[in-house]
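Okay, structure first, notes after.
There are 2 protein chains.
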Amino acid sequence: MVTVRVFVNLKPSLLDSAGRTVTGALHKLQFDEVADARIGKTITLQMEKFDEERVKAMCAKLLANPVIEDYSYEVLN
Amino acid sequence: MVTVRVFVNLKPSLLDSAGRTVTGALHKLQFDEVADARIGKTITLQMEKFDEERVKAMCAKLLANPVIEDYSYEVLN
Chain A
0 MVTVRVFVNL KPSLLDSAGR TVTGALHKLQ FDEVADARIG KTITLQMEKF DEERVKAMCA
60 KLLANPVIED YSYEVLN
Chain B
0 MVTVRVFVNL KPSLLDSAGR TVTGALHKLQ FDEVADARIG KTITLQMEKF DEERVKAMCA
60 KLLANPVIED YSYEVLN
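Chains as they are written, first to last, in numbering that gives the first Met the number 0: chain A, 0 to 76; chain B, 0 to 76.
Structure (structure tokens):
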């Protein structure tokens, strides 16, 4: 078994309203050193073996919305 | 500026119903090699400088719910 972590984030050009809210909440809690926060998803997959083409296909078909999101992945073990 | 990526995941002992749904959807799309999927959040912070204690405090006070979630973080640059 191999663990693959897929990161799905809004494209940088898009406004991330949830991230904006988190930034504001951090500032209210005196964490003023945070200039920006953006929220993304991780999907942690347990797979029999890593196959890059298959993982890309999963992202394109289900895990990410290519219109508004970018994805990346890393193999953990 | 430094980029800090905070990962927030449900504790492993808890049922992740969204992850279960994704696992089922992947199987319907013939991605049978995926045994399990779990969904988490990433919060990507732009900070003036990295301060581990401050990041831990942000996680404990706002970013993660310590009752049901674990967090980790990595400094990207």
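Note that CB positions come from ideal geometry on N, CA and C, so glycine has one too.
Nearest to Met-0/B by alpha carbon, out of Val-21/B, Asp-50/B and Tyr-72/B? As a working note, residue 0/B is residue 1 in the second sequence. When only C-alpha atoms are compared, the closest one is Asp-50/B.
Can you have a look at Thr-22/B and say buried or exposed, based on whether 16 or more other CB atoms are within 10 angstroms of its CB? Position 23 of the second sequence, counting from 1, holds the residue named residue 22/B. In summary, Thr-22/B is buried, with 16 or more beta-carbon neighbours lying within 10 Å of its beta-carbon over all protein chains present.
Interface residues of the region 60–74 of chain B facing chain A [CB-CB below 8 Å]: Answer in chain order: Lys-60, Leu-61 and Leu-62.
Does the beta-carbon of Ile-67/B have 16 or more other beta-carbons within 10 angstroms, so that it is buried, or is it exposed? Within the second sequence, numbered from 1, the residue matching residue 67/B stands at position 68. Counting every other CB atom within 10 Å of its CB across the protein chains shown gives Ile-67/B a total below 16, marking it as exposed.
From Ala-17/A to Ala-36/A, what distance separates their C-alpha atoms? The residue you call residue 17/A lines up with position 18 of the first sequence. The residue you call residue 36/A lines up with position 37 of the first sequence. If you take the alpha carbons of Ala-17/A and Ala-36/A, they lie about 9 Å apart.
Are the CB atoms of Leu-61/B and Ala-34/A nearer to each other than 7 Å? The residue you call residue 61/B lines up with position 62 of the second sequence. The residue you call residue 34/A lines up with position 35 of the first sequence. Result no, Cβ atoms of Leu-61/B and Ala-34/A do not sit closer than 7 Å.
Among the residues of its own chain, which have a CB less than 6 Å from the CB of Phe-30/A, if the five just before and after it don't count? By 1-based counting over the first sequence, the position of residue 30/A is 31. So the list is empty, once near-sequence residues are dropped.
Residue range of the beta strand (DSSP E) that includes Met-57/B: For the purposes of this step, residue 57/B is taken as the residue at position 58 of the second sequence. Bounds of any beta strand (DSSP E) do not take in Met-57/B; it lies within the alpha helix (DSSP H) bounded by 51–57.
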